[in-house]
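Below: the structure, in C-alpha cells.
2 protein chains.
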Amino acid sequence: MSEVLTGPVEVVGTGLLGTSVGLALARAGVEVLLTDVSSEHVRTASGLGAGRPRTAEDRPQLVVVAVPPDLLGAVISDALEATAGTDAVVTDVGSVKTRPLVELTGHPEVDRYVGGHPMAGSERSGPLAASAALFDGRPWAISPHTDARPDAVALVTALAERCGAVPVVLEPGEHDRAVARISHVPHLMAALVAGRLADAPGDHLALSGQGVRDVTRVAGGDPTLYGQIVSANAGAVLDLLAEVRARLEEVIGALAVGDREVLEALLAEGVAGTRAIPGKHGGPVRPTRTVFVSVPDHPGELARLFADAGEAGVNIEDVRIDHDPGRPVGLVELVVAETSADHLLGSLESRGWVTHR
Amino acid sequence: MSEVLTGPVEVVGTGLLGTSVGLALARAGVEVLLTDVSSEHVRTASGLGAGRPRTAEDRPQLVVVAVPPDLLGAVISDALEATAGTDAVVTDVGSVKTRPLVELTGHPEVDRYVGGHPMAGSERSGPLAASAALFDGRPWAISPHTDARPDAVALVTALAERCGAVPVVLEPGEHDRAVARISHVPHLMAALVAGRLADAPGDHLALSGQGVRDVTRVAGGDPTLYGQIVSANAGAVLDLLAEVRARLEEVIGALAVGDREVLEALLAEGVAGTRAIPGKHGGPVRPTRTVFVSVPDHPGELARLFADAGEAGVNIEDVRIDHDPGRPVGLVELVVAETSADHLLGSLESRGWVTHR
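Going line by line, the protein sequences match chains A and B. Here the first sequence is numbered in full-length UniProt numbering, starting from 1 and rising by one per residue. Here the second sequence is numbered in full-length UniProt numbering, starting from 1 and rising by one per residue.
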C-alpha cells in the first residue's frame with residue numbers, strides 16, 4: 001500500500017459530492033473511474049469531465065464511496081469485497097461516521113477502510129450541481145477507527161488535500177458529536193423555524209428581513225437526504241436536542257412570568273456561541289465593520305463598486321446584497337476590518353457612491 | 001395637521017435607529033432636531049450630520065421616538081404631553097406595537113400617535129453604527145390603531161418613504177404576530193442553537209461551515225435589547241414557541257423510534273417555509289444557480305472578478321465569500337439567474353478564473 005495518491009481513484013456514486021470529487025481529482029491530474037447504479041448519472045458526470053466509466057479490468061488504488069447515508073455500510077462492504085486481497089483503500093464522504101462502522105464490524109479487511117467527510121454541500125443535488133471547487137479551503141474530516149492502517153489514513157488525507165480541502169482528524173464518535181452540534185441540530189432547528197412560515201399570511205412575510213432568511217436557509221435542503229443523515233446520527237442528535245428542549249422550556253417559563261434575568265442569560269449564551277465559531281482562515285475573529293453602499297441593481301454596477309474598493313487597497317472580508325422588496329436599487333454591505341472602514345468610506349464617497357460614515 | 005412632511009422632525013433617542021432616521025431625513029433635506037438623555041449621544045449624532053440639538057423654542061411637525069422597548073410607552077406619552085394642543089404627530093420605531101398602546105390607553109390625544117417599525121438593524125448599536133442608507137428599500141411597518149387620525153397615518157407613511165423605506169400597513173396586533181414569526185422566534189431559536197456552541201471542543205467547531213454561521217448570526221445581538229423586545233411581545237412569541245415545542249417533541253419522538261416518515265414531513269414543512277419568504281424585490285423567488293470561483297484573498301482580486309462578471313453582462317443576485325480555515329484563497333459564490341450561469345462560467349473561464357461548469 002502506498003501513502004502517495006497516484007490513482008486511479010474509483011468514485012462510487014456520481015451525485016453532487018461524488019462528481020465533485022471526480023472533478024477535483026481530474027483537475028489535479030489524477031485518473032478517476034466512475035460507478036453508479038444509474039448509468040445516466042455516470043454518463044453525465046463523465047461528460048462533465050469527472051472521469052471515465054469503470055471497467056472490469058480497472059484496479060483502483062482508492063475507492064471513494066459517495067452514496068446516500070442509508071446505503072453507506074453495504075456499499076463500503078461491497079467495495080472491500082471487490083478489492084479483497086489487494087492493498088486498495090476504501091473511504092467514503094458520508095455525513096455520519098460510526099453507523100457504517102457498526103455495519104462493518106467483524107469484516108476481515110476493515111483495516112483498509114478509513115472514513116471521511118468533506119464539510120461542503122449545496123441546497124442542490126445531482127451531478128449537474130457538482131463543482132471542482134466545492135472543497136477548496138473547506139474542512140474535510142478524516143475519521144480513522146482503531147484498526148485502520150496508518151498508510152490508509154495517510155492516503156485518505158492525501159485525497160482530501162488533492163481535492164483542495166483542509167484535513168481535520170477526528171475519531172468517529174467525536175466526529176459524529178461534532179456534526180450533530182454544528183450541522184444536524186442547526187439544520188433541524190432551522191427547519192422548525194421555517195416550518196412556522198409555511199402557512200403565515202403574506203403581509204406578515206412581507207416584513208421578512210435578512211435575519212429570517214439566514215436562520216432558515218439550510219432548511220431548504222432535500223428532506224429525504226437530511227432525514228437519512230439525522231437518523232444515522234440519532235444518538236448524538238438526541239443528546240443535543242434534549243439540551244435544546246430544556247433551554248426552550250426555560251425560555252417559555254421565563255417569558256410566561258416575565259423573568260428578564262433568565263431570558264438575558266440564555267441570550268448571552270447565544271452571543272458567546274456565535275463568538276466561539278472560528279473566524280476566516282481558522283484564526284480568531286477580527287473586529288470588522290459593515291460599510292453600506294446603495295448600488296443600482298443592474299449589470300456592471302457591482303463591478304464598478306468593487307473596482308473602486310480595490311483601488312482603495314481595502315480587503316473585503318464579506319459581502320451581503322440585501323433583498324429589496326420594492327425598488328431596483330440594492331443595498332450592498334461590505335464587511336471590512338474595523339481599521340479600514342473610514343478609509344474605504346472616504347474613498348468610495350470621493351468616487352460618488354451613496355454611502356454614510 | 002398636514003399630510004406633507006415639511007419638518008422639522010424631532011428624533012428622541014440617538015442610538016442606531018434614531019441617528020439613522022436623522023441621517024436619512026437630513027439626506028432628504030428635512031430639518032432634524034435631536035433629543036437624548038445622553039447629551040454626548042446628541043453631540044455625536046449631530047457631529048455625524050443627523051441634525052441639531054433641539055431647543056425649547058422648536059416646534060416639531062413630527063416626533064419620532066427611538067428609545068429602548070421598555071421606555072416606549074412613557075416616552076411616547078411624554079411626547080404627546082410636550083406637544084399638547086398642537087397638530088404635531090408622534091410615532092416610534094419600536095419592535096413591538098401593542099404594548100405601548102396599552103400604556104397609552106385613555107390618553108386624550110392618542111389620535112396623534114401612529115406606531116411604526118422599520119425592519120432594519122445591525123448587530124452593532126449606538127450612533128456610530130448609524131447609516132443614512134439603513135432603511136433603503138427595507139419594509140417599514142406602519143401600525144395605526146383604531147383611533148389614529150388618517151392625516152397622522154399619512155404623515156408617518158411619508159416619513160418611511162423619505163427615509164428610503166417601503167411602507168407596509170399592518171394593524172398593531174397583526175404586526176406583533178408577524179414579527180414574532182419572522183424575527184423574535186427565529187432570534188430565540190438561533191440563540192438556543194448558538195448556545196450549544198459556547199462550550200464545544202475547538203476541534204468540533206473546526207468543522208463549522210457556512211450553514212451554522214448563517215443559522216446563528218442574529219444571535220450575536222445585544223441580550224439586554226432582545227430581552228426587552230421579546231418580553232414586550234411575550235404573548236405572540238409564546239403562542240409560536242408552543243408550536244415549536246410541539247414540533248420539537250415530534251422530532252425527538254420520531255428520531256428515538258426511527259420514524260422516518262414523521263421526520264421527513266417536518267423537514268418538508270421547513271422546505272415549504274423557506275419557499276414562502278418573498279424573493280428579491282418582493283416578487284416570486286426566481287430560480288438561481290451558484291457559480292463557484294476561487295479568488296486570492298488580497299485587495300483588488302474581488303474587483304477584478306466583478307469587473308469580469310460585469311463585462312459578461314450578468315447581474316449578480318447575491319454573493320457569498322466563504323470563510324476558509326486554512327488558506328489565503330477565498331471561495332466566492334456568485335448567485336445568478338439560472339439562465340445566466342453557463343454564460344457567466346464560460347466568460348469567467350475565458351478570462352483565466354478557476355471555476356467549474
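Even glycine gets a Cβ: it sits at the ideal position worked out from N, Cα and C. What you are looking at is a predicted structure, and each value in this text was computed from that prediction instead of being measured.
Residue-level contact to chain A via CB, residue i, 7 Å cutoff
i        : result
B:Asp214 : yes
B:Tyr113 : no
B:Arg99  : no
B:Pro139 : yes
B:Pro325 : With a pLDDT of 45 at B:Pro325, under the threshold of 50, the modelled position of that residue is not reliable, and the figure given next carries that caveat. It does: the Cβ of B:Pro325 has a partner Cβ on chain A nearer than 7 Å.
B:Leu348 : no
B:Asp136 : yes
B:Gly161 : It should be noted that the sequence gives Glu, not Gly, for residue 161 of chain B. Not one chain A Cβ lies under 7 Å of B:Glu161.
B:Val319 : yes
B:Ala307 : yes
B:Arg52  : no
B:Arg59  : no
Proximity test, Cβ basis, 7 Å: residue i and chain B
i        : result
A:Leu72  : no
A:Gly227 : yes
A:Val271 : yes
A:Ser46  : no
A:Pro186 : yes
A:Pro223 : yes
A:Ile142 : no
A:Thr274 : yes
A:Asp176 : no
A:Pro268 : Correcting the residue type first, residue 268 of chain A is Ala in the shown sequence and not Pro. Chain B, which has a Cβ nearer than 7 Å to the Cβ of A:Ala268, makes this yes.
A:Pro68  : no
A:Leu302 : yes
A:Pro278 : yes
A:Leu34  : no
A:Gly352 : no
A:Arg217 : yes
A:Ile76  : no
Continuous alpha helix (DSSP H) stretch holding residue i: start and end
i        : result
A:Asp308 : 301-311
B:Ser46  : 39-47
A:Leu238 : 234-257
A:Asp36  : Neither: A:Asp36 is in no alpha helix (DSSP H) and is coded neither H nor E.
A:Asp342 : 341-350
Unbroken beta strand (DSSP E) run spanning residue i, endpoints
i        : result
B:Val9   : 9-12
B:Leu25  : Element bounds for B:Leu25: not the beta strand (DSSP E) but the alpha helix (DSSP H), 16-27.
A:Pro296 : 288-296
A:Ala141 : 139-143
B:Asp147 : Taken as a continuous stretch (DSSP letters only), B:Asp147 belongs to no beta strand (DSSP E), as it is neither H nor E.
B:Thr262 : Per the sequence presented here, residue 262 of chain B reads as Val, with Thr not at that position. Segment 260-276 is the alpha helix (DSSP H) holding B:Val262; no beta strand (DSSP E) there.
B:Asp318 : 318-321
Residue nearest to residue i in terms of C-alpha spacing, selected from the options
i                      : options                                : result
A:Ala50                : A:Gly115, A:Ser183, A:Ala129, A:Gln228 : A:Ala129
A:Ala206               : B:Leu104, B:Ser183, B:Val193           : B:Ser183
B:Pro201               : A:Gly273, A:Val257, A:Arg213, A:Ala268 : A:Gly273
B:Thr35                : B:Arg124, B:Arg27, B:Val65             : B:Val65
A:Gly211               : A:Ile321, A:Pro53, A:Val114, A:Arg59   : A:Ile321
B:Arg59                : B:Val96, B:Thr6, B:Gly22               : B:Thr6
A:Arg177               : B:Asp203, B:Leu192, B:Arg177           : B:Asp203
residue 368 of chain A : A:Ala276, A:Ala24, A:Glu174, A:Ala28   : Because chain A in this structure spans residues 1 to 357, residue 368 of chain A falls outside the shown range and cannot be described.
A:Arg99                : A:Val114, A:Pro69, A:Met119            : A:Pro69
B:Ser39                : B:Leu101, B:Ser340, B:Gly15            : B:Gly15
B:Leu159               : B:Leu345, B:Ser347, B:Val4             : B:Val4
A:Ala133               : A:Gly227, A:Gln228, A:Leu104, A:Met119 : A:Met119
A:Ala194               : A:Arg213, A:Ala180, A:Val185, A:Gly209 : A:Arg213
B:Leu155               : B:Asn233, B:Arg245, B:Val90            : B:Val90
beta-carbon residue i near the ligand COA non-hydrogen atom, thresh 6 Å
i        : result
B:Asp318 : No copy of the ligand COA appears in this structure; indeed no ligand is present at all.
- Task: Return the residues of the region 188-211 of chain A that lie within a Cβ-Cβ distance of less than 7 Å from chain B, sorted by chain order.
- Result: Leu188, Met189, Ala190, Ala191, Leu192, Val193, Ala194, Gly195, Arg196, Leu197, Ala198, Ala200, Asp203, His204, Leu205, Ala206, Leu207, Ser208, Gly209, Gly211
- Could you tell me which uninterrupted alpha helix (DSSP H) segments, each at least 4 residues in length, are contained entirely in the region 164-212 of chain B, listed from first to last along the chain? 172-179, 185-195, 202-205
- Query: Which residues, in order along the region 247-264 of chain A, keep a beta-carbon less than 7 Å from a beta-carbon of chain B?
  - Reply: Arg247, Leu248, Val251, Ile252, Leu255, Ala256, Gly258, Arg260, Leu263, Glu264
- Task: Run through the region 49-117 of chain A for me and flag every whole alpha helix (DSSP H) of 4 or more residues, listed as ranges in chain order.
- Result: 72-82, 98-103
- Going along the chain, which residues of the region 8-27 of chain A sit with their C-beta nearer than 7 Å to a C-beta in chain B? Leu23
- Task: Return the residues of the region 235-247 of chain A that lie within a Cβ-Cβ distance of less than 8 Å from chain B, sorted by chain order.
- Result: Val237, Leu238, Leu240, Leu241, Ala242, Glu243, Val244, Arg245, Arg247
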